[in-house]
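Counted from 1, the sequence shown has number 460 at position 445 by this note's numbering; the numbering is strictly sequential.
Just so it is clear, CB atoms sit at the ideal spot from N, CA and C, and this is done for glycine as well.
See below for the structure under consideration.
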Amino acid sequence: MRRSRAFIPTTKEASSDATLASHIYLSRAGFISQVASGLYNYMPLAKRVIKKIENIINEEMSKVGAQEVELSFVTPADLWAESGRIEKFGKELLRFKDRKENPFVLGPTHEEMMVDMVRNRVTSYKNLPLNLYQMKTKFRDEARPRFGLMRGREFIMKDGYSFHSSVEDLDREFDAMEAAYKRILNRLGLEFRVVEADSGAIGGSGSKELMVIADSGEDTIAICSKCEYGANIEAATRSFPVNIPEAPEAEFNKFLTPDVKSIDKLAEFLKIDPYYTVKCVAKRVVYDDDSEIVLFFLRGSDNLQEVKAINATEALEIVDVSEEELSELGIVPGFIGPLDQDKAKHVIDCNLKNAQNMVCGANELDYHFVGVDLKVLEDVAYFSDIAEVNEGDTCPNCDGILSFTKGIEVGHIFKLGTTYSEALKAEYLDENGKAQPFIMGTYGMGVSRLVASVIEQHHDEYGCVWTKATAPYMVNIMISNIKDEEQVNLGEELYEKLQNASVEVMLDDRKERFGFKMKDAELIGFPYTIIIGKELKNGLVQIYDRVSKEKISVSVDDIYEKIMELI
Ligand code: ATP
Ligand code: MG
Numbered sequence: 016m017r018r019s020r021a022f023i024p025t026t027k028e029a030s031s032d033a034t035l036a037s038h039i040y041l042s043r044a045g046f047i048s049q050v051a052s053g054l055y056n057y058m059p060l061a062k063r064v065i066k067k068i069e070n071i072i073n074e075e076m077s078k079v080g081a082q083e084v085e086l087s088f089v090t091p092a093d094l095w096a097e098s099g100r101i102e103k104f105g106k107e108l109l110r111f112k113d114r115k116e117n118p119f120v121l122g123p124t125h126e127e128m129m130v131d132m133v134r135n136r137v138t139s140y141k142n143l144p145l146n147l148y149q150m151k152t153k154f155r156d157e158a159r160p161r162f163g164l165m166r167g168r169e170f171i172m173k174d175g176y177s178f179h180s181s182v183e184d185l186d187r188e189f190d191a192m193e194a195a196y197k198r199i200l201n202r203l204g205l206e207f208r209v210v211e212a213d214s215g216a217i218g219g220s221g222s223k224e225l226m227v228i229a230d231s232g233e234d235t236i237a238i239c240s241k242c243e244y245g246a247n248i249e250a251a252t253r254s255f256p257v258n259i260p261e262a263p264e265a266e267f268n269k270f271l272t273p274d275v276k277s278i279d280k281l282a283e284f285l286k287i288d289p290y291y292t293v294k295c296v297a298k299r300v301v302y303d304d305d306s307e308i309v310l311f312f313l314r315g316s317d318n319l320q321e322v323k324a325i326n327a328t329e330a331l332e333i334v335d336v337s338e339e340e341l342s343e344l345g346i347v348p349g350f351i352g353p354l355d356q357d358k359a360k361h362v363i364d365c366n367l368k369n370a371q372n373m374v375c376g377a378n379e380l381d382y383h384f385v386g387v388d389l390k391v392l393e394d395v396a397y398f399s400d401i402a403e404v405n406e407g408d409t410c411p412n413c414d415g416i417l418s419f420t421k422g423i424e425v426g427h428i429f430k431l432g433t434t435y436s437e438a439l440k441a442e443y444l445d446e447n448g449k450a451q452p453f454i455m456g457t458y459g460m461g462v463s464r465l466v467a468s469v470i471e472q473h474h475d476e477y478g479c480v481w482t483k484a485t486a487p488y489m490v491n492i493m494i495s496n497i498k499d500e501e502q503v504n505l506g507e508e509l510y511e512k513l514q515n516a517s518v519e520v521m522l523d524d525r526k527e528r529f530g531f532k533m534k535d536a537e538l539i540g541f542p543y544t545i546i547i548g549k550e551l552k553n554g555l556v557q558i559y560d561r562v563s564k565e566k567i568s569v570s571v572d573d574i575y576e577k578i579m580e581l582i
């Protein structure tokens, strides 16, 4: 491509809401343009990067026998009613009617559509397994679209779905897909981690996320210092602690603790470790059609993990409650204890099961109980893992220590089981001629989010630094002075030669200053720029490496071989 003809509208500034490097540079370097909140146009450079990512995904999918399809974006709302997700998906689902008043949604994911396409078409176990996928625009009316391509409302997802006649076969496919996804991210040149993920309301037995490691990531992941264990903080678990602080000794007793309402104050007041205090987090738990106040109890040294709390209560969402709302129920904020279960539903963290020597609220203003033995709750209370792991906790799989890092969720693979096939009555006949629901897996990868992820991991203060697999053009030929005939001739000659060798090459033939063109090249992030400049008189040109920012001089005779060798 000739730069003089290319549509690459680079700019000095990005919009004021752009805070992430990928958002800033993809906008400034003329890859994307914003249409409205969470909506972007892909300009030619972005389109090239997307195609590259899609090609790599296609290659890896065909290696594992997955077949590409494309489903209609506009989806009948009836299918979503059939699966029961029309309510659950809430406001993220964009709903509308056609001219005949038929209800539709814009597909935010395509489980229902894929099951609908396969049901009654695949009818025998002999035709299983089957793995179908697509690269498709998705629409989710995200509450807070932000960070450019990272969290758009419209975005491209590779979504795949597999159909099986046994759990073992699903397990095999799941492992094969995990391996394929790892190969894809390795080929893209990304540093990543596969982590255990929350299985959410859909249930299912296995769920893993592929996280690109980046400080700007929205997800916190816990990783082990010794073994391969990694998990999204929403799903991370831990072993019971090894180094338990020394227990305070006290007979069961009610203790005056005037105005001691927080865990910190309580621990200080009684000179005990917060580990031996019981924390209560009161929340309003929202269900399909009603809501209630639930009291979540944890050790004072732990915090409530909201996704775990949602799962434990099978809630749609959990929201804050005011002290007034609690008081109306006769609950005394600051002094809530688990020993009074009549006022509100209790969920108690499993780490408190049979805990002894505890201090907890006495359900009475200014009083706490000390010397509490929670064994009394063993048979009456509902226990669940609702605590967030802490840095320094022990790995659930070995004696390593957990620490936190930030990640960008670029992929999510999930063992669905029969949730959708049962809801949509999608069945096949097994070896005995008996109808069975398909056992399913689902495999998502955020294609447009990957574009942004590459830049989050690969950029510097000058702009984008594309990996070789993702660069929109591999080589940029810079004619420093367009009025110098010798420079132009060499530029044109190299341009033609590289094109003939199928190298993706840009020829910067613009009548602009060298410094301006160089800044532009750095902003866009071509891996290599061949600078044809003053040194040409001495038979030399330079190769500028975008990663190392080093320039090496190469003789004109060797430049073609050298660049071919580098790429
Ligand atoms: P998130 O937790 O980031 O909202 P999700 O868990 O809702 O994502 P999935 O339903 O698992 O997303 O979708 C599969 C993949 O699609 C995600 O792993 C992510 O890479 C991508 N994706 C999801 N939402 C968006 C979005 N709003 N913008 C861009 N990519 C997205
Ligand atoms: Mg996900």
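Option nearest residue i by Cα separation, candidates the options
i: L121; options: L109, E127, M129, V130; result: L109
i: V296; options: V503, G349, L185; result: G349
i: D602; options: G530, M192, E102; result: Lying before the first or after the last residue shown, residue 602 is absent from the chain, which here runs from 16 to 582.
i: S9; options: S463, S37, S19, W95; result: In this structure the chain extends from 16 to 582, so residue 9 is not present and cannot be described.
i: F46; options: P256, P91, R63, R159; result: R63
i: V520; options: M226, Y510, T124, R528; result: Y510
i: L143; options: P160, D184, F154; result: D184
i: I228; options: I494, I470, G506; result: I470
i: F154; options: T124, K141, R136; result: T124
i: I278; options: R159, A246, F312; result: F312
i: I71; options: V130, G204, R187, T138; result: G204
i: I325; options: R100, G448, K298, E188; result: K298
i: N515; options: M455, K294, I248, M579; result: M579
i: S181; options: M455, R464, K526, D499; result: M455
i: A61; options: G80, A21, E97, K27; result: A21
i: V257; options: D414, M129, H38; result: D414
i: I545; options: P59, L581, R528, S517; result: L581
i: N496; options: S418, G530, S254; result: G530
i: V79; options: K106, R198, M533; result: R198
i: G596; options: E206, K449, A327; result: No statement about residue 596 is possible, as the shown extent of the chain runs from 16 to 582 and does not include it.
i: N504; options: D523, P487, V518; result: D523
Chain-order list of residues whose beta-carbon lies under 7 Å from that of residue i (same chain, five-residue window excluded)
i: V480; result: H473, H474, G540, R561, V562
i: L344; result: I308, K358, A359
i: L380; result: V347, F350
i: V501; result: The sequence shown places Glu at residue 501, not Val. Within the same chain, E501 has close Cβ partners L551.
i: N73; result: E83
i: T272; result: L281, F284, D381, Y382, H383
Run of the beta strand (DSSP E) containing residue i, from where it starts to where it stops
i: I428; result: 417-432
i: S568; result: 566-570
i: K512; result: Not the beta strand (DSSP E): K512 falls in the alpha helix (DSSP H), residues 500-515.
i: S222; result: 221-228
i: L86; result: Here L86 belongs to no beta strand (DSSP E), and DSSP marks it neither H nor E.
i: P118; result: 118-121
Beta-carbon contacts of residue i that lie in its chain and below 8 Å, excluding the five residues immediately before and after
i: K577; result: I558, V569
i: D364; result: F311, F312, L313, R314, D317, F398, S399, D400, I401, A402
i: V395; result: Q356
i: T25; result: R43, A44, G45, D535, L538, I539
Beta-carbon proximity list for residue i, same chain, < 6 Å, skipping 5 on both sides
i: M460; result: K173, G426
i: Y290; result: P260, R314, S316
Start and end residues, alpha helix (DSSP H) containing residue i
i: A38; result: According to the sequence as given, residue 38 is His; it is not Ala. Taken as a continuous stretch (DSSP letters only), the alpha helix (DSSP H) holding H38 covers 36-43.
i: R314; result: Element bounds for R314: not the alpha helix (DSSP H) but the beta strand (DSSP E), 306-314.
i: Y575; result: 574-581
i: F111; result: It is not in any alpha helix (DSSP H) - F111 instead sits in the beta strand (DSSP E) that spans 110-112.
i: R208; result: Per DSSP, R208 belongs to no alpha helix (DSSP H); it is in the beta strand (DSSP E), 207-211.
Status (buried if at least 16 other CB within 10 Å, exposed otherwise) for residue i
i: S30; result: exposed
i: Q320; result: buried
i: F111; result: exposed
i: T485; result: buried
i: G99; result: exposed
i: S468; result: buried
i: S139; result: exposed
i: F453; result: buried
i: C242; result: exposed
i: V385; result: buried
i: P59; result: exposed
i: T34; result: exposed
i: A36; result: buried
Any non-hydrogen atom of the ligand SAM closer than 7 Å to residue i Cβ
i: F22; result: Absence of the ligand SAM from the depicted structure is noted, with the ligand ATP and the ligand MG being the only ligands included.
Chain D contact for residue i (CB, 8 Å cutoff)
i: C479; result: Looking for chain D here will not work: only one protein chain is present.
task = Give me every residue whose Cβ sits closer than 7 Å to any heavy atom of the ligand MG, in chain order.
result = A212, E224, E424, H427, G459
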